[in-house]
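This report refers to the structure that appears directly beneath it.
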């Protein structure tokens with residue numbers, strides 16, 4: 001696994017020079033590699049983790065388990081890509097187990113999400129069934145703990 | 001009224017106190033202060049190790065173990081020492097499981113040093129060697145290590161410090177606080193001075209698993225003729241992030257380990273049983289966990305080196321432990337002044353090099369057992385502080 005990708009994933013705010021020092025390469029070499037990764041679509045963007053619950057929330061999020069009928073020749077790709085193109089959808093992943101696609105969605109209200117499922121997702125050809133789970137509270141996201149503050153309990157010891 | 005000053009033992013009172021306690025207390029009470037002062041990993045103990053401790057409790061393993069430690073653990077320690085450092089020890093009489101590396105250091109000094117005998121202590125180094133020597137009536141003889149030698153001990157420095165009274169050389173590499181390490185050629189030169197003498201070596205290798213830059217730690221005991229005159233102290237605190245479990249060990253010649261065990265029997269009985277069960281799993285299963293943590297420390301180490309370069313503070317590249325030891329002599333401030341002003345003005349707590357001996361003057365110890373975000377913020381504040389200092393000058 002490329003250490004550069006691991007460092008970038010965990011520390012997007014650092015400067016090019018700092019990242020280069022950390023992976024023990026020149027800044028030029030790292031800049032070129034980052035460009036290559038972007039061109040190849042390996043690096044897909046940079047975002048900030050926000051704990052929206054702390055500032056009064058940011059609408060509602062839901063995870064929808066979707067069962068679909070795969071198409072001959074296209075498998076799940078065609079329907080998955082069609083769902084991914086919907087603006088309300090934050091994420092689409094093909095799953096193993098009892099259902100096929102996990103669809104993450106956010107909306108301003110429960111009604112908005114419900115409307116989306118009823119009017120846009122369910123009626124799509126090839127969608128067999130949906131089960132919608134609303135997110136009630138986030139405790140951890142993308143490796144970061146949300147909500148409770150964790151105090152460093154270590155003592156000053158030499 | 002009882003005059004306790006008269007009651008307390010003169011030897012105990014002669015122990016050099018740690019001068020840093022008060023400083024940490026101020027930092028702890030200061031709002032929004034960030035500290036880079038701790039000397040322990042920020043990682044939690046790997047789960048499989050914790051689980052082994054929990055299981056041992058569930059099964060009711062809540063009794064004393066043998067004084068020297070569980071047979072199974074001592075055997076695992078021997079396997080580990082062979083596998084990692086090429087050192088062969090007999091689990092029956094050459095291994096002692098202790099309460100942290102600290103107890104092993106104490107027992108070793110007590111077992112070997114008589115009043116008036118000299119103990120050579122390279123400094124800057126961990127703070128316990130000096131007072132423990134004083135406590136048994138030994139005479140601490142410090143050897144100041146030099147920045148220009150990358151804080152390694154040279155054969156010339158060692159030779160110059162040896163007298164007919166020299167009993168023990170404390171050999172603390174990789175070193176807290178400098179991050180200095182001894183490579184093969186350096187060790188060979190030291191061994192050459194010691195072979196044929198009766199000087200024993202207390203090799204404190206608690207940071208042995210944390211070396212960077214490809215070359216792994218080599219124990220001085222692995223050099224020809226050295227195992228017979230060396231007590232190797234190691235433990236689980238740093239490598240396995242197990243500081244709170246209080247578990248370490250010593251390996252060495254049977255007569256010395258036996259004497260240490262006699263002291264250990266009287267003072268301690270045995271190391272914590274739960275911790276011993278956990279440590280067996282650590283040694284058996286957790287090489288990859290060590291590597292994961294070391295890789296993370298290495299990233300931070302490189303990050304800090306870069307930041308110090310940007311701040312214009314010279315800093316030799318530490319190759320072990322999890323500290324950097326930048327040189328602040330260019331600021332015109334003493335270590336204590338720098339740390340006090342940095343604490344008050346920038347709310348960042350670093351440890352003055354002098355906490356680790358007089359030869360630490362002009363340096364700071366910065367621990368990178370912290371998240372990158374934490375280090376980043378501390379460096380940002382330090383940069384602003386230094387800029388103000390330059391404007392004052």
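Chains as they are written, first to last, in the working numbering: chain E, 1 to 158; chain C, 1 to 393.
Each residue gets a CB set at the ideal place from its N, CA and C atoms; glycine is no exception.
The three-state secondary structure of residue 67 of chain E, taken from DSSP, is strand. The C-alpha of residue 59 of chain E lies about 55 Å from the C-alpha of residue 181 of chain C.
Distances from the alpha-carbon of residue 205 of chain C to those of C:191, C:251 and C:188 put C:251 closest.
For residue 15 of chain E, no alpha helix (DSSP H) run applies, since DSSP gives it neither H nor E.
For residue 47 of chain E, the nearest beta carbon of chain C is not closer than 7 Å to its own beta carbon.
In this chain, residue 10 of chain C is not harboured by any beta strand (DSSP E); it is covered by the alpha helix (DSSP H) spanning 10-13. When the alpha-carbon of residue 215 of chain C is set against those of C:224, C:183 and C:194, the nearest one is in C:183. Burial state of residue 24 of chain E is exposed, judged by a 10 Å Cβ sphere holding fewer than 16 other Cβ atoms. In the DSSP assignment, residue 227 of chain C falls outside any beta strand (DSSP E), carrying neither H nor E.
Taking 7 Å as the threshold, the shortest C-beta distance from residue 147 of chain E to chain C does not fall below it. Here the C-alpha atom of residue 14 of chain C lies approximately 7 Å from the C-alpha atom of residue 134 of chain C.
The Cβ atoms of residue 322 of chain C and residue 315 of chain C lie no closer than 7 Å to each other. Here residue 264 of chain C is buried, its C-beta having at least 16 other C-beta atoms within 10 Å. Among the residues of chain C, those whose CB is under 7 Å from the CB of residue 22 of chain E are 299, 302 and 303, following chain order. Of the residues E:10, E:119, E:9 and E:63, the one whose Cα lies closest to the Cα of residue 135 of chain E is E:63. Taking all protein chains in view, the Cβ of residue 203 of chain C is crowded by 16 or more other Cβ atoms within 10 Å, so the residue is classified as buried. Under a 10 Å Cβ-count criterion, residue 101 of chain E is classified as buried, with 16 or more other Cβ atoms of the shown protein chains found around its own Cβ. Listed by position along chain C, the residues whose Cβ is nearer than 7 Å to that of residue 50 of chain E form an empty set, because the closest Cβ is around 15 Å away.
In terms of Cα proximity to residue 319 of chain C, the closest of C:390, C:212 and C:381 is C:212. Secondary structure of residue 91 of chain E (DSSP, three-state): strand.
Residue contact with chain E for residue 383 of chain C: absent (no Cβ-Cβ distance below 7 Å to any residue of chain E). Per DSSP, the unbroken alpha helix (DSSP H) holding residue 193 of chain C starts and ends at 184-194. In the same chain as residue 144 of chain C, and ignoring 5 residues on each side of it, the C-beta atoms closer than 7 Å to its own belong to 123 and 359, in chain order. Taking C-alpha positions only, residue 24 of chain C is separated from residue 300 of chain C by approximately 23 Å. A residue is called buried when at least 16 other Cβ atoms come within 10 angstroms of its Cβ; residue 95 of chain E does not meet this threshold and is exposed.
The C-beta of residue 238 of chain C has 16 or more other C-beta atoms within 10 Å across all chains shown, which makes the residue buried.
With a contact defined as Cβ atoms closer than 8 Å, residue 26 of chain C and residue 343 of chain C qualify at about 7 Å. Flagged as an interface residue toward chain C: residue 156 of chain E, by a C-beta distance shorter than 7 Å.
Residues of the stretch 40-68 of chain C that bring their beta carbon within less than 7 Å of a beta carbon in chain E comprise 40, in sequence order. Its Cα nearest to that of residue 353 of chain C, the residue C:336 stands out among C:392, C:336 and C:368. For residue 108 of chain C, the secondary structure class from DSSP, reduced to helix, strand or coil, is helix. Contact annotation, residue 229 of chain C with residue 201 of chain C: C-beta distance approximately 6 Å; criterion of less than 8 Å satisfied.
Comparing alpha carbon positions, the residue from E:50, E:126 and E:122 closest to residue 143 of chain E is E:50. Around the C-beta of residue 269 of chain C, fewer than 16 other C-beta atoms lie within 10 Å, and the residue is accordingly described as exposed.
At least one CB of chain E lies nearer than 7 Å to the CB of residue 24 of chain C. What residue 271 of chain C touches in chain E, judged by beta-carbon distance under 9 Å, is nothing: the nearest beta carbon there is about 19 Å away.
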